[in-house]
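K.L.:
Once you've had a glance at the structure underneath, I'll fire off some questions.
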Amino acid sequence: VNYLLITKSSSFKRGDIVYIKDPQIKYVEANKPLAKRIVGLPGDQIQQEKQFIKVIPQDRALSPTILPLLDKTSKGECLKPLSHITIPEGYVFVAGDHPRSFDSRYEEFGLIRMENIRGRAIAVFSSQYPVLRFYPFQEQKNEDKE
4 VNYLLITKSS SFKRGDIVYI KDPQIKYVEA NKPLAKRIVG LPGDQIQQEK
54 QFIKVIPQDR ALSPTILPLL DKTSKGECLK PLSHITIPEG YVFVAGDHPR
104 SFDSRYEEFG LIRMENIRGR AIAVFSSQYP VLRFYPFQEQ KNEDKE
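Numbering (our numbering) for the sequence shown: 4 to 149.
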């Protein structure tokens, strides 16, 4: 991601890409802005199963999200998977879209306080894909004109 267009918001839902500034994330430069996707909400359960983390939504009608685990960072530091917990009020579990992303799967990153979320992405600008450089997140509604 090269650029995010964000909107300030105080309500977030599963699947939102959010802009985070958290001064206490290990291995991340203090106050470095991060973009991650909300995968778990308060009340959801986190379970470690072998080489995976499973996020089980409180709403059992939704399917669990299963994320692979890494043993080490890209610099070789050991990573410890997040323990079996229920996400408390005021926190979310976030994950990057890349499977090697450093995110809430690991204790060194942890859950994110909602107060450290600075906004929700409404579009992504990228130079990585020359055909599609602008990605709006809001669905376009086509109204029939008769």
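Don't be surprised by glycine CBs; every beta carbon is placed ideally from N, CA and C. Bear in mind that the values here come from a model prediction, so they are computed numbers and not experimental data.
Pull up the DSSP beta-bridge partners for Arg-40, would you.
P.N.:
Your numbering for residue 40 matches position 37 in the sequence shown. Paired residues: Ile-20 and Ala-98.
K.L.:
Round the Cβ separation of Gln-51 and Ile-59 to the nearest angstrom and send it over; I've been treating them as touching at under 8 Å.
P.N.:
Taking the first residue of the sequence shown as 1, we reach residue 51 at position 48. Taking the first residue of the sequence shown as 1, we reach residue 59 at position 56. Gln-51 to Ile-59, Cβ: 12 Å. No contact.
K.L.:
Give every residue of the same chain whose Cβ lies closer than 7 Å to the Cβ of Phe-105, excluding the five residues on either side of it in the sequence, and list them in chain order.
P.N.:
The sequence position of residue 105 within the sequence shown is 102, counting from 1. Answer for Phe-105: Tyr-30, Thr-76 and Phe-112, listed in chain order.
K.L.:
Suppose you measure from the CA of Arg-136 to the CA of Leu-8; what does that come to, to the nearest Å?
P.N.:
Residue mapping note: residue 136 aligns to position 133 of the sequence shown, counting from 1. Residue mapping note: residue 8 aligns to position 5 of the sequence shown, counting from 1. Note that Arg-136 scores 46 on pLDDT, short of 50, meaning its location in the model is unreliable; the coordinates nonetheless yield the value given after this. Approximately 13 Å between the Cα atoms of the pair.
K.L.:
Looking only at DSSP bridge pairs, what is Thr-76 linked to?
P.N.:
Along the sequence shown, read from residue 1 onward, the residue named residue 76 stands at position 73. Its beta-bridge partners do not exist; DSSP assigns none.
K.L.:
Excluding the 5 residues flanking Arg-116 on each side, which residues of the same chain have their C-beta closer than 8 Å to its C-beta?
P.N.:
Position 113 of the sequence shown, counting from 1, holds the residue named residue 116. So the list reads Asp-25, Gly-93 and Tyr-94, once near-sequence residues are dropped.
K.L.:
Given a threshold of 16 other Cβ atoms within 10 Å of its Cβ, counted over all protein chains shown, does Gln-11 qualify as buried or as exposed?
P.N.:
On the sequence shown, position 8 is the one that residue 11 refers to. Looking at the sequence provided, one finds Lys at residue 11 rather than Gln. Looking at its Cβ environment, which holds fewer than 16 other Cβ atoms inside 10 Å, Lys-11 is exposed.
K.L.:
Short of 8 Å in beta carbon distance, which residues of its chain neighbour Tyr-22, apart from the five on each side in sequence? Order them along the chain.
P.N.:
What you label residue 22 is simply residue 19 of the sequence shown in a count that begins at 1. Counting only Cβ-Cβ distances below 8 Å, and skipping sequence neighbours, we find Leu-7, Ile-9, Pro-36, Leu-37, Ala-38, Ile-120, Arg-121, Gly-122, Arg-123 and Ala-124.
K.L.:
Can you check which of these residues, Phe-15, Ile-20, Ile-90 and Ile-28, is closest to Lys-57 by C-alpha distance?
P.N.:
Translated into the one-based positions of the sequence shown, residue 57 becomes position 54. Measuring from the Cα of Lys-57, the nearest candidate turns out to be Ile-90.
K.L.:
Leu-85 and Glu-110 - do their beta-carbons sit closer together than 7 Å?
P.N.:
Locating residue 110 in the sequence shown gives position 107, counting from the first residue. Locating residue 85 in the sequence shown gives position 82, counting from the first residue. Closer than 7 Å, so yes.
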